[in-house]
Every structure is written in structure tokens, then in C-alpha cells.
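S.K.:
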Amino acid sequence: MTWIRSNSIAVLGVALALGACAKTDKTTTSDSAAGAMAADSSAMAAPALTDANIVAILDDANVADSAAGKIASTKGTSTDVKSFGKLMVGEHHALRVAGLDLAKKQSITPELPADNTKAEADAFIKSLNDTPKGAAWDKAYIDHEVTFHEQVLQTATNAKNATQNVELKALIDKAAPVVQHHLDRAKEIQQKLTPAT
Numbered sequence: 004m005t006w007i008r009s010n011s012i013a014v015l016g017v018a019l020a021l022g023a024c025a026k027t028d029k030t031t032t033s034d035s036a037a038g039a040m041a042a043d044s045s046a047m048a049a050p051a052l053t054d055a056n057i058v059a060i061l062d063d064a065n066v067a068d069s070a071a072g073k074i075a076s077t078k079g080t081s082t083d084v085k086s087f088g089k090l091m092v093g094e095h096h097a098l099r100v101a102g103l104d105l106a107k108k109q110s111i112t113p114e115l116p117a118d119n120t121k122a123e124a125d126a127f128i129k130s131l132n133d134t135p136k137g138a139a140w141d142k143a144y145i146d147h148e149v150t151f152h153e154q155v156l157q158t159a160t161n162a163k164n165a166t167q168n169v170e171l172k173a174l175i176d177k178a179a180p181v182v183q184h185h186l187d188r189a190k191e192i193q194q195k196l197t198p199a200t
């Protein structure tokens with residue numbers, strides 16, 4: 004069972020990598036023409052992300068972590084896990100509002116990439132609800148949060164490099180320390196929840 008909301012994040016990384024690729028080796032023989040056309044069309048299959056894609060992916064991550072945090076704030080058994088869940092709800096909601104405000108100000112309509120699906124997020128939320136409350140739930144949630152925030156930081160860096168929008172770059176710069184704080188706090192809780200061997 005995967006508890007990581009990585010689909011949006013993975014899509015961003017793949018699209019950035021593939022969008023940056025370009026076929027530069029042009030051959031003139033007829034035998035290799037079909038191969039070259041196939042390679043060119045595969046590079047074109049994953050267009051570079053737009054600002055609308057970036058805003059949507061980051062918004063999607065904020066929504067997912069707010070929803071998971073809400074569940075943790077009531078289902079967590081550790082005081083640290085409950086407090087962390089409440090922190091995720093409040094701070095990811097604030098990050099989401101800032102992103103949507105910027106999108107509105109600049110007339111950016113958030114749009115997830117075509118190959119993005121919410122099925123993984125839905126499965127993650129379902130697993131949080133279906134898994135019995137207890138120490139194992141707390142640990143699984145916090146382990147997820149560590150991985151999730153590491154991925155969000157990488158996604159933010161990739162998004163900042165992909166956009167030419169100065170205000171979107173500034174928003175990402177402003178959000179990064181908040182996400183880093185979440186990661187640091189999740190790692191602290193993770194250490195407390197991991198039994199010493």
C-alpha cells in the first residue's frame with residue numbers, strides 16, 4: 004500500500020525532465036528516418052509544464068496534506084502526531100490560499116497535467132481512514148509525511164526552475180521554509196516513534 008501522494012510530484016519531475024529533452028542528432032539515411040521520427044514524437048509527448056500546471060500540482064499537494072492532517076489530528080494517538088496533523092491543516096491551507104490568490108491575480112487557471120490522476124490521493128485518504136487507530140497508524144502517517152515533504156521540496160525546486168514567472172518563483176521561495184519546517188518536525192516525531200534497537 005502506497006501512502007505517498009507522489010503522482011503529482013512525480014508528474015512534475017518527469018515532465019520537467021522530458022520537457023527539457025530535445026532530439027539533436029538528425030540523421031539523413033532513410034533507414035533511420037522512422038527511428039528518428041519515433042524518438043522526436045516521444046520527446047514531444049511530454050510537454051514542458053506551464054504555470055497553470057505548476058500551480059495545480061502545488062495546490063494538489065496542499066489539499067492532500069491538509070486532508071491527511073485533518074485525519075491525523077483526530078485519529079492520531081500520539082500527542083505529537085495530533086499536533087502535527089493540526090499544523091498540516093493550518094499551514095497547508097495557508098499555502099494553498101496564497102497559491103490560489105496568486106493564480107487569481109495573474110489570471111492563471113490551475114490545470115493538472117493530462118496524465119495526472121487523483122486515484123492515488125483518494126486511495127491514500129481511504130487507507131488513513133481504514134487503518135486501525137494506534138501506534139502503527141501514527142508511525143505510518145509520520146513516515147509518509149517525511150517522504151511527502153522531501154518530495155514536495157524537490158517539486159518546489161523543480162517548479163521554480165521551470166517557471167519564468169517572478170511572482171510564482173517568489174511564492175515558492177516563501178513556501179519552501181514552511182515545508183522544510185514540516186519536514187524537520189516530521190523527522191523529530193519519526194525519531195520518537197521509532198523504537199530503539
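Take 4 as the starting number for the sequence shown in this note's numbering and just add one per residue.
No residue lacks a Cβ here, since even glycine has one placed at the ideal position from N, Cα and C.
Under the rule that 16 or more other beta-carbon atoms within 10 Å means buried, what is A139, buried or exposed?
M.R.: Exposed is the call here.
S.K.: Looking only at its own chain, which residues have a Cβ that is under 7 Å from the Cβ of I175, when we skip the five neighbours before and after it?
M.R.: A159, A162 and K163.
S.K.: Tell me the rounded alpha-carbon separation between T197 and M91.
M.R.: Answer to the nearest angstrom: the Cα atoms are 21 Å apart.
S.K.: Looking at the unbroken alpha helix (DSSP H) that takes in I175, where does it start and where does it end?
M.R.: V169 to L196 is the extent of the alpha helix (DSSP H) around I175.
S.K.: Relative to the alpha-carbon of K177, which residue among G72, G102 and A64 has its alpha-carbon at the smallest distance?
M.R.: The shortest Cα separation from K177 among G72, G102 and A64 belongs to G102.
S.K.: Hey, would you say A70 sits closer than 8 Å to I111, going by beta carbons?
M.R.: Not in contact: A70 and I111 (Cβ atoms no closer than 8 Å).
S.K.: Under DSSP, the alpha helix (DSSP H) around E94 begins and ends at which residues?
M.R.: Segment T82 to K108, the alpha helix (DSSP H) holding E94.
S.K.: Considering G72, what are the terminal residues of the alpha helix (DSSP H) in which it resides?
M.R.: It spans D54 to K78 - the alpha helix (DSSP H) in which G72 sits, taken as one unbroken run.
S.K.: Can you give me the start and stop residues for the alpha helix (DSSP H) that I111 sits inside?
M.R.: Here I111 belongs to no alpha helix (DSSP H), and DSSP marks it neither H nor E.
S.K.: Helix, strand or coil, according to DSSP, for K201 in the structure here?
M.R.: The question about residue 201 has no answer, for the chain in this structure spans 4 to 200.
S.K.: Rounded to whole angstroms, what is the Cα-Cα separation between F151 and T53?
M.R.: One C-alpha to the other measures close to 23 Å.
S.K.: Which stretch, first to last residue, makes up the alpha helix (DSSP H) that contains K142?
M.R.: Run containing K142: A138 to A165, per the alpha helix (DSSP H) assignment.
S.K.: So, is K107 buried or exposed, given that buried needs 16 or more other C-beta atoms within 10 angstroms?
M.R.: So K107 counts as exposed.
S.K.: Output needed for A55: all residues of its chain with C-beta closer than 7 Å, excluding positions within five of it in sequence on either side, in chain order.
M.R.: Here the set comprises I111, T112, P113 and E114.
S.K.: Flag this pair as yes or no: are the beta carbons of G137 and T77 separated by less than 8 Å?
M.R.: No, the Cβ-Cβ distance between G137 and T77 is not below 8 Å.
S.K.: Just the C-alpha distance for Q167 and A75, rounded to the nearest angstrom, thanks.
M.R.: Distance between the alpha carbons of Q167 and A75: 37 Å.
S.K.: Under the assumption that R105 contacts E170 (Cβ atoms under 8 Å), give the Cβ distance between them as a whole number of angstroms.
M.R.: It should be pointed out that residue 105 corresponds to Leu in this sequence rather than to Arg. 6 Å between Cβ atoms; contact.
S.K.: With a CB to CB cut of under 6 Å and the five nearest residues on each side skipped, what residues in its chain are close to V155?
M.R.: Within the same chain, V155 has close Cβ partners A64 and V182.
S.K.: On the three-state DSSP scale, how would you describe A41?
M.R.: Residue placement at A41 is poorly supported in this model, since its pLDDT is 39, which falls under 50; the coordinates are not used for a value here.
S.K.: Since D146 and Q194 are thought to touch, with beta carbons under 8 Å apart, how far apart are those beta carbons, to the nearest angstrom?
M.R.: Going by Cβ atoms, the distance from D146 to Q194 rounds to 12 Å, so no, they are not a contact pair.
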